[in-house]
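First to last, the protein sequences are chains E and W. Just so it is clear: in the first sequence, position 294 is 294 by my numbering, and no numbers are missing. Count along the second sequence starting at 1, add 1000, and that's the number in my numbering. Since the structure comes first, as structure tokens, the remarks are kept for the end.
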Amino acid sequence: METDDRGDGETVYEVGAFYELLTERLESAYGRRHPHWVRGEIAKVYEKGHMYIDLVDAGSTASDTRRPVLNAHCWGTPWAPMKKKLAADGIALRPGMIVSFLGYVDVYAPQGKIGFSISQIDVEGLLGDVARRRQELIGRLQSEGLLEANKTVTVSPVPLRVGLVASPGTEGYNDFTGQLLHSNFGFDVLLVRSAVQGEGAPAQIIAAIEALDEHGVDVICLVRGGGSKGDLACFDDERVARAIARSSTAVMTGIGHTGDESVADLVAHTRAITPTKLGEHLVGLVDTWYQRNVKGPARRIVVATQEIVDESTEYVAERRRTMIFAVRDRLRAEQRHLASTRGSLVMHSRHVVNSAAQLLASRRQLLSAYDPTRRLAQGWSVTTRSDGTVVRSIDDVDVGDGLRIRVSDGSVRTTVDEKNGAT
Amino acid sequence: MNETAGWTESAAELDAIVASFDEGEVTVDDLFAKLERATAIIESLEARLDATRAKVDELAPRLTRIAEGE
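Okay, here's the thing in structure tokens:
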């Protein structure tokens, strides 16, 4: 230790010696690297191999130039596993976080700083803080009506145009697209690549959602396979939640494992528990529509068509039989009518003939009374002149005329000798 | 026969002819004409039915495949 004596009993220290003294006194007071828990609000955080954190009293303001600041640091060796543990729990140290560190006072002479070397972080406390912040975010979104905003968006009944926010080649991406690919439906997937973990993920996810919403798709699917809480932390990001709520297109999520439920899931129109389930859900929507609007009608048309053909065939066959029987019946009726008419005609004709025969017989009998042969046989004669005319009066002849007298068995010729009138 | 007449129109005419037989309105004079007309209609309907059945036989399997989701 480099010191000097001023001569008045007071020791004068060189700078290095002063820091050595300071260190010695601190270590004698607290013990070498004696650990202390210190809680405060992170004012600044900077990582470059080592982690540097400015810790202030919670609630103090930066404008207060007299507020105490603890320059804490965590060297690379202890920081690496600590960082890994924090990341696994979804925690990234950020300004504003209230955090408790276990560490010891560390005098760093090269920069003239009395700092605090961190050896442990109260992760449980941080997790509680993260959970509290998450609940506060959910409360804010709820009070603003944003938890339900995207759920009111109408989804196309056939969501075939799928906007996909994912990281190609990842398990989640493959699980989701595999469901669509093997469905036999013509899904048209428009992929917007996005990181789905890490610091830059929220900004990329938001940009992807906004781009797809602007482009116009039936549904936007936000897909990410399982991972640690840290991996999935971007889906608890308030900016992502608000982007989903703002989207005029339904946003569906398939994020992580069965037990994971992010704020994005809560804000989304539909939440599936895994990328595979989200793919199944989309396929189910299309299949439901297909069943109702294509397969069902096709089935009914097949049945109805067969019924119409069967009924029409039966109708024509029945009409054919009816016509044959009707015509036969009609012809038989006509035949019966003709037969009946014919019988009547025969009977009537016979009656007429018989009547005529009877009349003829009667006339014949009457005529026979006037038969001249019968008169001639009784002794009557017929006298005719030479010209054949019958002599009915003496005036019909003159004396000397030749006459023919017909009797029953012949005739004689005579001459008129005289004429005498009847007395 | 009116070739442009539809199935319903032709069937209605056929029904009317059958009804005239049922009502005893057909005389011997118009019996042949009505029978001839009815036969022509029935043959026309059967021809249409055959054509329709052929088309149905062709299309039904395709619809069935859709209905059964093949």
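Built from N, CA and C at the ideal position, the CB exists for glycine as well. None of the values given here were measured: they were computed from a predicted structure.
Please check if any C-beta of chain W sits within less than 8 angstroms of the C-beta of residue i.
| i | result |
| --- | --- |
| E/Glu307 | no |
| E/Glu334 | yes |
| E/Ser312 | yes |
| E/Val286 | no |
| E/Met82 | no |
| E/Arg299 | yes |
| E/Lys277 | no |
| E/Arg224 | no |
| E/Ala326 | yes |
| E/Met323 | yes |
| E/Arg320 | yes |
| E/Val283 | no |
| E/Arg330 | yes |
| E/Val158 | no |
| E/Lys295 | yes |
Taking just the CA atoms, how far does residue j sit from residue i?
| i | j | result |
| --- | --- | --- |
| E/Ala272 | E/Ser100 | 37 angstroms |
| E/Ala92 | E/His36 | 23 angstroms |
| E/Leu499 | E/Val192 | Limits of chain E in this structure are 1 at one end and 423 at the other, which puts residue 499 of chain E out of reach. |
| E/Leu331 | E/Ile324 | 11 angstroms |
| E/Pro157 | E/Arg292 | 11 angstroms |
| E/Val399 | E/Arg350 | 60 angstroms |
| E/Val390 | E/Val382 | 7 angstroms |
| W/Leu1063 | E/Asp310 | 18 angstroms |
| E/Leu359 | E/Leu367 | 12 angstroms |
| W/Ala1028 | E/Glu334 | In the sequence as displayed, the identity of residue 1028 of chain W is Val instead of Ala. The straight-line gap from Cα to Cα measures roughly 8 angstroms. |
| E/Leu126 | E/Ala264 | 21 angstroms |
| E/Gln120 | E/Met82 | 8 angstroms |
| W/Met1067 | E/Val165 | The question names Met, but residue 1067 of chain W in the sequence shown is Ala. W/Ala1067 and E/Val165: Cα-Cα distance of roughly 34 angstroms. |
| E/His348 | W/Ala1051 | 59 angstroms |
| W/Ser1010 | E/Val303 | 25 angstroms |
| E/Glu124 | E/Asp231 | 18 angstroms |
| E/Ile98 | E/Pro275 | 35 angstroms |
| W/Leu1049 | W/Leu1035 | 21 angstroms |
| E/Asp129 | E/Cys234 | 17 angstroms |
| E/Thr23 | E/Thr11 | 17 angstroms |
| E/Arg67 | E/Asp54 | 12 angstroms |
| E/Glu214 | E/Thr170 | 26 angstroms |
| W/Arg1053 | E/Val294 | 23 angstroms |
| E/Ser167 | E/Asp188 | 17 angstroms |
| E/Glu136 | E/Ser28 | 45 angstroms |
| E/Tyr370 | E/Ala357 | 20 angstroms |
Assuming residue i and residue j are in contact, meaning their beta carbons sit under 8 angstroms apart, how far apart are those beta carbons, in whole angstroms?
| i | j | result |
| --- | --- | --- |
| E/Leu86 | E/Gly40 | Their Cβ separation, rounded to whole angstroms, is 17 angstroms, which puts E/Leu86 and E/Gly40 out of contact at 8 angstroms. |
| E/Gly425 | E/Gly226 | Outside the displayed range of chain E (1 to 423) lies residue 425 of chain E, so it cannot be described from this structure. |
| E/Ile42 | E/Pro95 | 5 angstroms |
| E/Val223 | E/Gly172 | 5 angstroms |
| E/Tyr19 | E/Val107 | 6 angstroms |
| E/Val251 | E/Ile209 | 7 angstroms |
| E/Ile114 | E/His73 | Not quite, the Cβ-Cβ distance comes to about 12 angstroms (not below 8 angstroms), so this is no contact. |
| W/Leu1045 | E/Val327 | Rounded, the Cβ-Cβ distance is 18 angstroms, inconsistent with contact. |
| E/Val155 | E/His269 | 7 angstroms |
| E/Leu21 | E/Tyr13 | 6 angstroms |
| E/Val407 | E/Leu376 | 6 angstroms |
Could you check whether the Cβ of residue i sits closer than 8 angstroms to any Cβ belonging to chain E?
| i | result |
| --- | --- |
| W/Arg1037 | no |
| W/Gly1006 | no |
| W/Ala1033 | no |
| W/Ala1060 | yes |
| W/Glu1046 | yes |
| W/Ala1040 | no |
| W/Ala1067 | yes |
Would residue i and residue j be called neighbours here (beta carbons separated by less than 8 angstroms)?
| i | j | result |
| --- | --- | --- |
| E/Phe176 | E/Val283 | no |
| E/Leu212 | E/Leu190 | yes |
| E/Ser262 | E/Asp236 | yes |
| W/Ile1017 | W/Ala1040 | no |
| E/Val38 | E/Phe116 | yes |
| E/Gly254 | E/Lys277 | yes |
| E/Gly402 | E/Thr384 | no |
| E/Ser320 | W/Ile1042 | Just to set this straight, residue 320 of chain E is Arg in the shown sequence, not Ser. In contact: E/Arg320 and W/Ile1042 (Cβ atoms closer than 8 angstroms). |
| W/Ala994 | E/Thr313 | The first residue shown for chain W is 1001 and the last is 1070, placing residue 994 of chain W beyond what the model contains. |
| E/His50 | E/Trp75 | yes |
| E/Pro202 | E/Arg242 | no |
Quick check: is any heavy atom of the ligand COA less than 7 angstroms from the C-beta of residue i?
| i | result |
| --- | --- |
| E/Val283 | Of ligands this structure carries none, so the ligand COA is not represented either. |
When you compare the stretch 153-170 of chain E with the stretch 217-230 of chain E, are there three or more beta-carbon pairs, one atom per stretch, that lie closer than 8 angstroms? yes
With three or more C-beta pairs closer than 8 angstroms as the rule, is the stretch 134-153 of chain E touching the stretch 244-253 of chain E? yes
With three or more C-beta pairs closer than 8 angstroms as the rule, is the stretch 54-66 of chain E touching the stretch 129-149 of chain E? no
If we count Cβ pairs, one from each stretch, closer than 8 angstroms, do we get three or more for the stretch 408-415 of chain E versus the stretch 1018-1025 of chain W? no
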